[in-house]
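Just so we're aligned, residue 7 is where the sequence shown starts under the working numbering, counting upward by one.
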Amino acid sequence: MSHTVNVGLGARAYEVRIGSGLIAEAGRHIRPLLKRGRTAIISDETVWRLHGAALTEALLVEGVSATPVLVPAGEGSKSFEVLARVSDDLLALELDRGDLIVAFGGGVVGDLAGFAAAIYKRGIDFVQIPTTLLAQVDSSVGGKTAIDTPRGKNLIGAFHQPRLVLADLDILATLPAREIRAGYAEIIKYGLLGDLAFFEWLEANGRAVVDLESAALAHAVRRSVETKAEIVAQDEREAGRRALLNLGHTFGHALEAESGYGEDLLHGEAVAIGMAQAFRFSARQGHCSAQDAVRAEAAIAAVGLPVGMDALPGHPFDGRRLIDHMGQDKKAEGGRLTFILARALGDAFVARDVDADSILQFLTAEGARPAGAAA
7 MSHTVNVGLG ARAYEVRIGS GLIAEAGRHI RPLLKRGRTA IISDETVWRL
57 HGAALTEALL VEGVSATPVL VPAGEGSKSF EVLARVSDDL LALELDRGDL
107 IVAFGGGVVG DLAGFAAAIY KRGIDFVQIP TTLLAQVDSS VGGKTAIDTP
157 RGKNLIGAFH QPRLVLADLD ILATLPAREI RAGYAEIIKY GLLGDLAFFE
207 WLEANGRAVV DLESAALAHA VRRSVETKAE IVAQDEREAG RRALLNLGHT
257 FGHALEAESG YGEDLLHGEA VAIGMAQAFR FSARQGHCSA QDAVRAEAAI
307 AAVGLPVGMD ALPGHPFDGR RLIDHMGQDK KAEGGRLTFI LARALGDAFV
357 ARDVDADSIL QFLTAEGARP AGAAA
């Protein structure tokens, strides 16, 4: 049984299909989108080793030939170097605009493949088949595609919507528990930013979600996608409400940058810490109650996610360096710092021109080294 969520973008609208067994049915879903029966599948080496044969067979059954274009697993593949190699591989396959690309992997593959699709021959269709919980509930929906640079995360990219998203819940059973928890951070984000009822449901059922209990998992993924689809339909290019989806990300991206984008800190873990910090900073500034901040932190921590910088290797971090990373954030405008803060649980807002000194004082209180302090 599957559930379909429509992302309402007029002529560019598409469906997100959520359920079990969707990879085995991928050919049936993808074939109608093709003028010719051929596609390139961009995937990482780990996902392809585990699931590549199943996807290839599902496509072949419907007469679709598929050529894999593989990249190393990990955030390092979101680079100019890997993008150039992938683009050259696509050109060698002589794909045309009647063909399409399949992004088969987690958020890294989805971002990379989507950006490659956006720039290949000025734009080619692509389909997202996300293989991580985080990608299913967040990065595969909404058309944000990008690569990283030494100056920051996702700074080079394009908005390029997929034609279809297939979120097969069965594939999540092969993920490490840590990856599931990291994906859950993006699920609870939807409750914290604008859906108090969903947040309260997660307080009661969060452990069942990360334990992959089928009914709880399906509800959590569906509600997350419904929320994101609604926001994207209203604000595709993040001119207004869509910015709320970045709750926790300004703090989190700074921690990722300072941690070197490695395995020490997964993206979802960084977002978890960032959301807890956003609520604590909101309480410190008088925007929300201390009780709400405590409750948000407790709900995040309840599934085993980190909520403070002290959980990270390399801590204590330099507060000024974290501020510098925040200045490179895509939401920063004219040198001003922008954060998503909270008035209450389920009530986030965009705070522009946040004073850097108040952030530095907060980070110092959180355990960062103050400016000028020795390491």
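A virtual CB, placed ideally from N, CA and C, is assigned to each residue, including glycine.
Looking only at its chain, what residues have a beta carbon closer than 6 Å to the beta carbon of residue i, apart from the 5 residues adjacent to it on each side?
i      : result
Gln283 : Phe257
Thr62  : Ala72
Gly113 : Leu140, Ala141, Ser145
His293 : Leu347, Arg349
Ala357 : Phe345, Leu347
Going by DSSP, what residue range makes up the alpha helix (DSSP H) through residue i?
i      : result
Thr137 : Unbroken run through Thr137: none, as it is neither H nor E.
Phe257 : 255-265
Ile279 : 273-290
Phe86  : 86-98
Met315 : Segment: none, Met315 is in no alpha helix (DSSP H) and carries neither H nor E.
Val238 : 220-240
Val114 : 113-125
Gln297 : 296-307
Skipping 5 residues on each side, what residues in its chain have a beta carbon closer than 8 Å to that of residue i?
i      : result
Ala191 : Leu140, Gly254, Gly274, Glu275, Val277, Ala278, Met281, Ile306, Leu311
Glu21  : Thr10, Val11, Asn12, Val13, Leu170, Val171
Glu303 : Ala282, Phe285, Arg286, Val313
Thr2   : Residue 2 is absent from the structure shown; the chain starts at 7 and stops at 381.
Asp201 : Arg229, Thr233, Gly352
Leu15  : Gln167, Val238, Ala239, Glu242
Cα separation between residue i and residue j?
i      : j      : result
His259 : Ala214 : 28 Å
Arg247 : Ala239 : 10 Å
Lys150 : Lys234 : 12 Å
Thr344 : Ala374 : 20 Å
Ile24  : Asp174 : 6 Å
Gln167 : Ser265 : 30 Å
Asp298 : Ala350 : 6 Å
Asp4   : Ser295 : Limits of the chain in this structure are 7 at one end and 381 at the other, which puts residue 4 out of reach.
Ile177 : Leu56  : 10 Å
Val216 : Arg342 : 37 Å
Val115 : Glu209 : 31 Å
Glu269 : Gly111 : 17 Å
Leu39  : Ala32  : 12 Å
Leu161 : Asn211 : 35 Å
Leu261 : Tyr196 : 21 Å
Thr370 : Ser8   : 47 Å
Gly325 : Pro376 : 6 Å
Leu236 : Leu99  : In the sequence on display, residue 236 carries Glu and not Leu. Distance between the alpha carbons of Glu236 and Leu99: 36 Å.
Arg34  : Lys41  : 14 Å
Leu318 : Leu272 : 11 Å
Glu242 : Val231 : 15 Å
Gln291 : Gly148 : 32 Å
Leu76  : Ala289 : 45 Å
His321 : Asp359 : 27 Å
Leu96  : Gly58  : 18 Å
Glu372 : Arg18  : 44 Å
Ile135 : Ile36  : 11 Å
Lys84  : Asn252 : 19 Å
Ala203 : Ala183 : 26 Å
Under 8 Å by Cβ, that's how I've got residue i and residue j pegged, so tell me the actual separation to the nearest angstrom.
i      : j      : result
Val70  : Arg44  : 7 Å
Ala362 : Ala354 : Going by Cβ atoms, the distance from Ala362 to Ala354 rounds to 21 Å, so no, they are not a contact pair.
Val309 : Arg187 : 6 Å
Ala90  : Phe121 : About 12 Å; that fails the 8 Å criterion.
Phe205 : Ile194 : 7 Å
Ala263 : Gly129 : That pair is no contact at about 30 Å.
Glu87  : Tyr267 : About 14 Å separates the two Cβ atoms, so there is no contact after all.
Going by DSSP, what residues sit across from residue i in a beta bridge?
i      : result
Tyr20  : Val13
Ile47  : Pro74, Val108
Thr151 : Ala164
Gly25  : Ser8, Asp174
Ile200 : Per the sequence presented here, residue 200 reads as Gly, with Ile not at that position. Per DSSP, none; premise fails for Gly200.
Arg375 : Asp324
Gly158 : Thr155
Would you kindly report the start and end of the unbroken beta strand (DSSP E) that includes residue i?
i      : result
Leu347 : 343-350
Leu172 : 170-174
Asp353 : 353-360
Residues in its own chain within less than 7 Å of residue i by CB, not counting five upstream and five downstream?
i      : result
Ile329 : Ala362, Ile365, Leu366
Ala1   : In the structure as shown, the chain begins at 7 and stops at 381. Residue 1 is therefore absent and cannot be evaluated.
Thr180 : Leu56
Thr138 : Gly112, Gly113, Leu181, Glu185, Gly189
Leu223 : Leu175, Val215
Val67  : Gly33
Phe165 : Gly149, Lys150, Glu242, Arg243
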